[in-house]
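Going down the list, the sequences are from chains E and G.
The numbers in the numbering used here rise by one with no breaks, and the one at position 52 of the first sequence is 52.
Take any residue in the second sequence, note its place counting from 1, add 1000, and you have its number in the numbering used here.
What follows is one structure encoded as structure tokens, with my remarks underneath.
There are 2 protein chains.
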Amino acid sequence: MSKIFLLRILSFNNTDDKMRAFAEQVFASETKDETVRDEISMFDVAEDCPIIHHEMAHHLHTDDDEQKRKKRSLDTPTYLEVPDFQRVAVIGDYASGVTMDDFELACRGLYRALTIREKYMRLAFQRFPRTASQYLRQIEGESFRPEEQFEPVFTSPPKEGEDPFDVKNLPKNLGYVARMKDALITLKTYTHRRLKFLMSKFNVHEMLNEMEEMKEVKKNPHRDFYNCRKVDTHIHAAACMNQKHLLRFIKKSYRVDAERVVHNLKGKEVTMKELFQSLNLHPYDLTVDSLDVHAGRQTFQRFDKFNAKYNPVGASELRDLYLKTENHINGEYFATIIKEVANDLEEAKYQYAEPRLSIYGCNANEWNKLSNWFVRHRVYSPNLKWMIQVPRIYDIFRGRNFVPHFGKMLENIFLPVFQATIDPQSSPELSIFLKHVTGFDSVDDESKHSGHMFSTKTLGFLCQRSLFSLNIYSEGMNTFMFRPHCGEAGAITHLLAAFMTADNISHGLNLKKSPVLQYLYVLSQIPIAMSPLSNNSLFLEYAKNPLLEFHKKGLVVSLSTDDPMQFHYTKEPLMEEYAIAAQVFKLSTCDMCEIARNSVLQSALSDEEKRHFLGKDYLKEGPEGNDIRKTNVPQIRMAYRYETLCYELNLIKEGLKSE
Amino acid sequence: MSKIFLLRILSFNNTDDKMRAFAEQVFASETKDETVRDEISMFDVAEDCPIIHHEMAHHLHTDDDEQKRKKRSLDTPTYLEVPDFQRVAVIGDYASGVTMDDFELACRGLYRALTIREKYMRLAFQRFPRTASQYLRQIEGESFRPEEQFEPVFTSPPKEGEDPFDVKNLPKNLGYVARMKDALITLKTYTHRRLKFLMSKFNVHEMLNEMEEMKEVKKNPHRDFYNCRKVDTHIHAAACMNQKHLLRFIKKSYRVDAERVVHNLKGKEVTMKELFQSLNLHPYDLTVDSLDVHAGRQTFQRFDKFNAKYNPVGASELRDLYLKTENHINGEYFATIIKEVANDLEEAKYQYAEPRLSIYGCNANEWNKLSNWFVRHRVYSPNLKWMIQVPRIYDIFRGRNFVPHFGKMLENIFLPVFQATIDPQSSPELSIFLKHVTGFDSVDDESKHSGHMFSTKTLGFLCQRSLFSLNIYSEGMNTFMFRPHCGEAGAITHLLAAFMTADNISHGLNLKKSPVLQYLYVLSQIPIAMSPLSNNSLFLEYAKNPLLEFHKKGLVVSLSTDDPMQFHYTKEPLMEEYAIAAQVFKLSTCDMCEIARNSVLQSALSDEEKRHFLGKDYLKEGPEGNDIRKTNVPQIRMAYRYETLCYELNLIKEGLKSE
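Below, the structure is given as structure tokens:
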């Protein structure tokens, strides 16, 4: 297998310069207007602009353009067998609103952008949708080879009686030597404005077929929204419990452990009682209010204030004691809290979560400590799939001299993983831990560095580059997905970079600002874990959240909680997230089940679990890949999505025919 | 005691004609523009209307007006001892925006309206706030007599070992004879526009004191939003379980009782199995979707479709079997479901509910059957306080010849209660049941009859009149409160009628349309149980709900679920209601705890319970009546509310000084 990929790496290096030049050009145009918040992007036209309509009408009907239009006729789509529903067909001019020349130019751009993502995803062992690949091959006149489609491998849940912490089955030493190298990047995009059409099309579909979709769902026995699987695709381990849970845990720990030495206070070992005394606190008096970990009106647009909310009662000592893996008690409390959260999920049965743990890159020993914590406390649950989050705070580390240079930070982050991947037996705990780690996230306030230029040094690209190498070596182990926080705030270039590098992303709010990228995310079906309650406390009021709009346009959205400790009120944060979205956006059962299905697809649940939760053909595209008995998503909805996507991809094919 | 009240009834009758004339005049002006939805009321002025500002400025500064203004000076308010906070003082012109003549006229109107409510409330044994009474007495130059303030009596929870179904302690026969008489009504109102000022004042208060309020709350030990008491002040028993709970119950009942005879199908007794077979259903296949009791987009603005949602799987047979007190199994399942809901509340510990059961007035035996159901199944829980709802569907009953005339319907509704009240031993079950009944609600789609005229025959007035008589006889038993659905839709005259008759109301959305009534509801502190999630499915989108606006202006709002079966998703519907309001309206802990406190005050929890949940001085007005250790409402907020209310009442006093 490695040989094929080495060949690919070569061709990848060759196209680098061309791609970089193109990327920089696109970047320059995309960032031009970025300083203005929430404005209409340059590719968007106000809907009710009579002058533009007039001009366009004139422009569109030149004789030359008419000729070109007549020459074309769209392929008739073939419909799959699903229950009858009213299809929204567009008869006649299939590229209305733009001239034929612009149409062709746009299609060329979109085609190039999609091939770039396809190439990068394949190199980095991330996913690219089969339908898009098929259209790309048709455009190229090549035949589609299903064996080239990549599907990640995630550790299956242990079999009956199997110990998830067993080291016996770790693979043997591969004999490679690992070094960090300069990473590379490139990209390419274009633009178009099919999005409004997609929005209107969905609205019409919904009006016409809502009842038919509901009929399918009602006829579906056993399954409803409550018992279809949903994954919390974006949640930070350090805030995965709700505020009431943390409060209860603190009180309980004090009742049991008051006399236990739990902390090192300025060089002196102190008991829990002494620690609380030094803070002038008694846990008995603590309330959710004094705990003060919940986001409020004060945190809106203030990420700095939000970060302070991680400290219970404003005391970093308590954060250390209860929410850290490394402390005087070896992270015992934190492990216990997480296991309690996991237990609630196991009892709820249909809910899963993908918590993030931090690796900072400050020193080479972090991985050992983290995996030691994981194994020592046996922090395993079938309902949790782990991710590593890497904070984007090199500037702070460098400023405090924690790391000598950026390369060292990257080495701290990735080298131990390479070593454990190459020779698992050499670091058994890390290797065990890595079996449960499914991906990397990069996190922090994106708005902080909005000025920085697009460069080969961007953490994201380096992460992706490292993962790509890592995934080559890690045959037989987990594939690592790159799933960064992206588009929560800050420059839209983050979303451009993620388009090239990420299997899927969290947030994506700023896609609102770039129709180009938004459309590319539709075409390449990049999953987006959205957290409207989190946004509501930090960046964007709930009713203004683009979740509904994205969902209608065919972006693959899932719902996630981000930080239940800070945002949620009830005992079931993920259900709270769904319930509020359903209420505010008036989502139907069908919408909610589709979003739940998206969350399973986006997640790093193993193939075995996905077959069980979505149906054995879940990897197939369109209605064929859906088993309504498991997902409760009607085939009509699946057909609508699939046919709509094919129509959009087919347009690009048409636009490129004359070339 | 009865003597005093008989005197009052006489004077009440005397003022009748004058009041009726005035009420009709106000009604005529209030209804003028009613056909136009959501428009600005005639008393409201667009905020940014430069012409009006200009005209007003000119108008206000006539010499005569200036003279009048100079003559007056507002009493300096006396501040109670609460933590320091920044008060929003209005220095200078205290009645800006109106001429002195208009000001005085408005004050006279408001004074008259308030005295009418005060009188009617006292006659009907409903509540009227002490502060308002004090100002009214000052205006009249009379001294305030606290002994004239009425407080309702609700059955205390049984003592340790006491049986809530014990008939031994029922009062003796009073020896009266009960007859129905023509009911009476009257009313009076005026207008003013202090509401915008109240809104801005609250916003300023919040900006200045938010942190200080939070400081109080954080310093308050043990108590936070989770463990301060909250009452679901408006919930229908037949929809008090959530959809998932009902589904589970149906499945469970089938597993246990498939062979039990449970229904009479066209004259033939059938088992549960046969019943489901006749419906072509097997409970094993049932899902939340096929159950189809949840409101969705289809119910918005369609009350007719909503009512059908009470039938599980669209089958009225299942509604009969599971959600009715009267059926082949004597309402056993319904009783069991309610007891399960009660059990969840008892476990949650801090939540209470006031479910409504129906009395239709179709025949004289309804009360006996209902109380028999209540006693037979021992449907008692310390966390439930019962109410009777009377559907406003006389037109339907009359149309089907169920009742010969309206008087008969009223007799069916009230006569049994009178009889049981007068001679409890004669109908022990009903008397036991009435110990737990605390009030009457009148329900149905208000928009249906929006054309009907203001008349002495309105059900509301008749209800209130009956209750007023009833409460005279029922010394030593529960006081019955009149707490109608009102202002959910339809004519604003409903809100006018409620102002005269209701202790408190549910919904009140349409107060948005009448600043006159809205201001009167502020001044007389009429509690409003709001249900924004219910409104969101039926009448008004969530973000447009006036809850936040009302709360800011000083209306006494509580949160309630209305119909968890149809609107809610989670296991804790009331918490879901609070959580969503907190998220969408960005309520602070302080706001949420204030709303929770309002809900306890509005409720029919007994004096004993209220003392326990709110503090022993809960009947006192302002900060004195608040015990932050129990309510978690900061004294600063209490002082703000109290001083603001006093300021508004004082204005009226000032306006009437020249008279």
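Yeah, the Cβ is synthetic: ideal placement off N, Cα and C, and Gly gets one too.
Quick caveat: nothing in here was measured; it's all calculated off a predicted structure.
Under 7 Å by beta carbon: chain G residues contacting residue i
i: residue 542(E); result: 1583 and 1584
i: residue 479(E); result: Neighbours of residue 479(E) on chain G: none; closest Cβ ~35 Å, over 7 Å.
i: residue 533(E); result: 1583
i: residue 218(E); result: 1289, 1290 and 1292
Buried or exposed (CB count within 10 angstroms, at least 16 for buried), residue i
i: residue 132(E); result: buried
i: residue 642(E); result: buried
i: residue 1363(G); result: exposed
i: residue 644(E); result: buried
i: residue 455(E); result: A caution first: residue 455(E) carries a pLDDT of 39, below 50, which makes its placement in the model unreliable, though a value can still be read off. With fewer than 16 other Cβ atoms within 10 Å, it is exposed.
i: residue 166(E); result: exposed
i: residue 1312(G); result: buried
i: residue 1320(G); result: buried
i: residue 396(E); result: exposed
i: residue 1427(G); result: buried
i: residue 1515(G); result: buried
Proximal chain E residues relative to residue i, where beta-carbon distance stays under 9 Å
i: residue 1221(G); result: 282, 284, 285, 286, 287 and 290
i: residue 1207(G); result: Neighbours of residue 1207(G) on chain E: none; closest Cβ ~10 Å, over 9 Å.
i: residue 1589(G); result: 288, 289, 294 and 296
Local conformation of residue i per DSSP, three classes
i: residue 1360(G); result: coil
i: residue 157(E); result: coil
i: residue 1298(G); result: helix
i: residue 1389(G); result: strand
i: residue 1505(G); result: strand
i: residue 1485(G); result: strand
i: residue 138(E); result: helix
i: residue 350(E); result: coil
i: residue 1623(G); result: helix
i: residue 1355(G); result: strand
i: residue 1656(G); result: coil
i: residue 1650(G); result: helix
i: residue 26(E); result: Low confidence applies here, because residue 26(E) scores a pLDDT of 43, under 50, leaving its location unreliable; read the following figure in that light. Here residue 26(E) sits in helix by DSSP.
Chain G contact residues for residue i, given Cβ-Cβ distances below 8 Å
i: residue 195(E); result: Near residue 195(E) there are no residues of chain G at all, since even the closest Cβ is about 23 Å away, more than 8 Å.
Chain-ordered neighbours of residue i on chain E, where CB pairs are closer than 7 Å
i: residue 1579(G); result: 569, 570 and 576
i: residue 1224(G); result: 287, 288 and 289
i: residue 1244(G); result: 226
Residue i: contacting residues in chain G (beta-carbon distance under 9 Å)
i: residue 536(E); result: 1583, 1584 and 1586
Neighbour list for residue i in chain E, Cβ cutoff strictly below 8 Å
i: residue 1512(G); result: Within chain E, no residue comes near residue 1512(G); the closest Cβ sits about 18 Å away, beyond 8 Å.
(message) Extract the residue ranges of the beta strand (DSSP E) inside the segment 228-275 of chain E, only unbroken runs of 3 or more that lie entirely within it.
(response) With a minimum length of 3 residues, the continuous beta strand (DSSP E) runs that stay inside the segment 228-275 of chain E are 230-236, 261-265 and 268-271.
(message) Give the list of continuous alpha helix (DSSP H) stretches no shorter than 4 residues that lie fully inside the segment 1411-1444 of chain G.
(response) Runs found: 1428-1436.
(message) My parser needs the alpha helix (DSSP H) runs of 4 or more residues fully inside the segment 522-608 of chain E; what are they?
(response) With a minimum length of 4 residues, the unbroken runs of alpha helix (DSSP H) contained wholly in the segment 522-608 of chain E fall at 532-538, 547-553, 564-567, 573-585 and 589-602.
(message) With a threshold of 8 Å, are at least 3 pairs of Cβ atoms found where one atom belongs to the segment 589-597 of chain E and the other to the segment 210-220 of chain E?
(response) These segments touch.
(message) Closer than 8 Å is the cut-off here; do at least three beta carbon pairs connect the segment 1425-1444 of chain G with the segment 1383-1392 of chain G?
(response) When C-beta atoms of the segment 1425-1444 of chain G are compared with those of the segment 1383-1392 of chain G, three or more pairs fall below 8 Å, so the two segments count as touching.
(request) State whether the segment 1328-1336 of chain G contacts the segment 1375-1388 of chain G, with contact taken as three or more CB pairs (one from each stretch) at a distance under 8 Å. (result) Yes, since at least three Cβ pairs between the segment 1328-1336 of chain G and the segment 1375-1388 of chain G fall closer than 8 Å, the two stretches touch.
(request) Only counting runs of 4 or more residues, tell me where the alpha helix (DSSP H) segments fall wholly within the segment 1275-1342 of chain G, in order along the chain. (result) If we require 4 residues or more, the alpha helix (DSSP H) runs fully inside the segment 1275-1342 of chain G come out as 1288-1291, 1303-1308 and 1316-1323.
(message) For the segment 344-359 of chain E against the segment 257-274 of chain E, do three or more pairs of beta-carbon atoms, one drawn from each stretch, fall closer than 8 Å, so that the two count as touching?
(response) Output reads no: the segment 257-274 of chain E does not touch the segment 344-359 of chain E.
(message) Measuring CB atoms only, is the segment 603-610 of chain E touching the segment 1543-1556 of chain G, in the sense that at least three cross pairs come out at less than 8 Å?
(response) Counting Cβ pairs under 8 Å, fewer than three are found: no touch.
(message) Count Cβ pairs between the segment 422-435 of chain E and the segment 395-410 of chain E that sit closer than 8 Å; are there 3 or more?
(response) Output reads no: the segment 395-410 of chain E does not touch the segment 422-435 of chain E.
(message) Can you confirm whether the segment 265-278 of chain E touches the segment 631-638 of chain E when touching is taken to mean that 3 or more C-beta pairs between the two stretches lie within less than 8 Å?
(response) Cβ pair count under 8 Å is below three, so no.
(request) Mind the definition here: the segment 1350-1359 of chain G touches the segment 1267-1283 of chain G only if three or more C-beta pairs lie below 8 Å; say whether that holds. (result) With a cut-off of 8 Å, the segment 1267-1283 of chain G and the segment 1350-1359 of chain G do not count as touching, because too few Cβ pairs lie within range.
(request) Could you tell me whether the segment 1544-1554 of chain G touches the segment 1222-1234 of chain G, where touching means 3 or more Cβ pairs closer than 8 Å? (result) Inter-segment contact for the segment 1544-1554 of chain G and the segment 1222-1234 of chain G is absent: fewer than three beta-carbon pairs are separated by less than 8 Å.
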